[in-house]
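S.K.:
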Amino acid sequence: MIVVDTSVWIDWFQNKSTPQVTTLDDISDLTDVIIGDIILLEILQGERNDKLAAAIHSRLKRFGFVPMLTPELAVKAATNYRKLRGVGKTVRKTADLIIGTYCIEHGHKLLHNDRDFQPMADHLGLQFA
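Going by the UniProt record's numbering, the sequence shown opens with residue 1, and the numbers climb by one from there.
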């Protein structure tokens, strides 16, 4: 399974030509794509109005939505934050820490265009698509 981060969805909706958008477009089985609830929140909160948000939500419904944060995952994400701080790396956004930890714990690959995920790959085993 592939979790697609907000950074890629934004580029996809803006028809930008990036390696990550190309990878997303090349995925033949849409059931392999997961959108976490936190990612959905980030995408929709960035829209200018309710009409645009509803249109985007409708387009995303063909992909699978999953809840990402549980009490257990919150503890693991906090542990991962401390591990990264221990090696001098800081993840700037809590949402990215949750998304990365979710992928690690569930064995999913992450498709992203966000520098915050690299330390999780380098030190925690996060896999990229």
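We put the CB at the ideal spot given by N, CA and C, even for glycine.
A quick note: this is a predicted structure, and the numbers were derived from the prediction, not measured.
Is the stretch 75-89 close to the stretch 37-57, with three or more CB pairs under 8 Å?
M.R.: no
S.K.: Classify residue 80: buried if its beta carbon has 16 or more other beta carbons within 10 angstroms, exposed otherwise.
M.R.: Buried, since its Cβ has 16 or more Cβ neighbours within 10 Å.
S.K.: Quick check on residue 126: does DSSP put it in helix, strand or coil?
M.R.: Here DSSP, grouped into helix, strand and coil, assigns residue 126 to coil.
S.K.: By alpha-carbon positions, which one of 10, 49, 126 and 65 ends up nearest to residue 77?
M.R.: Per the Cα distances, 126.
S.K.: For residue 47, which residues of its own chain have a beta-carbon under 7 Å away from its beta-carbon, when the five flanking residues on both sides are left out?
M.R.: 53 and 56
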